[in-house]
Amino acid sequence: MEVVMEIAYTIFGWTSIPFVSCYYSQKLYDESVRLSETLYRIPWYKETPKVKRSLWVMMMVTRKPIVLDYKGIIPMNLRRFLEMMHLAYSYFTILQSMG
């Protein structure tokens, strides 16, 4: 029983770190997209020229969503986390079938 708990804690520890990274990266991406969409819905034509310029700059900055990635190659999101878990399980089943 003690060995089973140790294995469970190890698996939880090794999966929780990537999950938290991917989860908050996904939330950041979703919120940046939502901010961009919200800015485009503002009735900018009713604002002063100074506010119009500020909104325009904000719209230009938020056109591209914020994506956290690993070394500029692998975007961290929930889909990537599921892919990592699927790959890890596949490796586990291959190793289990060999032994």
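For the record, in the sequence shown the residue sitting at position 86 is 855 according to our numbering, with numbers rising by one throughout. Using N, Cα and C, we set each Cβ at its ideal position, and we do this for glycine too. Just so we're clear, the structure is a prediction, and the values are computed from it rather than from any experiment.
- Rounded to the nearest angstrom, the gap between the Cα atoms of L864 and A857 is 11 angstroms.
- In terms of Cβ geometry, T831 and L797 do not form a close pair [threshold 8 angstroms].
- In this structure, C791 places its C-beta atom within 8 angstroms of the C-beta atom of F850.
- Around the CB of M845, 16 or more other CB atoms lie within 10 Å, so the residue is classed as buried.
- Look at I811 here: in three-state DSSP terms it is coil, with no helix or strand label.
- Distance from S794 to L837 at the Cβ level is roughly 4 angstroms; contact confirmed, criterion being Cβ atoms closer than 8 angstroms.
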